[in-house]
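Numbers given in this note's numbering equal positions in the sequence shown, counted from 1, plus 154.
Just so you know, even glycine gets a beta-carbon here, dropped at the ideal spot from N, CA and C.
Because the structure is a prediction, the values reported are computed rather than measured.
What follows is one structure encoded as C-alpha cells, with my remarks underneath.
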Amino acid sequence: MKFISLARFRLVSFFLGLLLVFSMGLGAFAQDGNAGIQEATNKVKSYFDTGCDLMYAIGAVVGIIGAVKVFNKWNAGEPDTNKVAAAWFGSCIFLVVVATVLKSFFGI
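Here it is in C-alpha cells:
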C-alpha cells in the first residue's frame with residue numbers, strides 16, 4: 155500500500171514539475187501589447203494599398219466593358235444611351251473618389 159502512494163506521489167510531482175517548467179517558458183514568447191497592435195496596423199495598411207490596386211484593376215475591366223456597352227447602344231441608336239453613359243461615367247468617378255477619400259480620411 156505504501157509503495158502505491160509513493161509511486162503516485164512521484165508521478166504527480168513529476169507532472170507538476172513538468173507543468174512548471176513549460177509554464178515558465180511561455181513568458182519568453184509574449185510580446186508587448188503595443189508592439190502587437192503596431193504590427194497588425196502595419197499589415198492592414200499594406201493590405202489597403204494592395205486592395206486599392208485590385209479595386210482599380212477590377213474597375214478598369216468593368217469600365218472597358220461599360221464603354222463597349224455604351225458604344226453599342228450609341229451605334230444602335232437606342233434612346234436610353236445618355237442614361238447608360240451617365241451611369242457608366244458616374245461609377246468610374248465614384249470608384250476613384252472613394253479610394254482617394256478613404257486614403258486621406260484614414261491617413262493611410
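Would the beta-carbon of V238 fall within 7 Å of that of V224? Yes, they are a contact pair.
Nearest residue (CA-CA) to A241, options A221, L256, A189 and L208: Among A221, L256, A189 and L208, the Cα nearest to that of A241 belongs to A221.
Find out if the Cβ-Cβ distance for the pair C246, G217 is shorter than 7 Å. Cβ distance < 7 Å, so C246 and G217 count as in contact.
For G205, the three-state DSSP class (helix, strand or coil): helix
In three-state terms, what does DSSP make of E193? helix
Taking a contact to mean a Cβ-Cβ separation below 7 Å, would you say I262 touches F169 in this structure? The Cβ atoms of I262 and F169 do not sit closer than 7 Å to each other.
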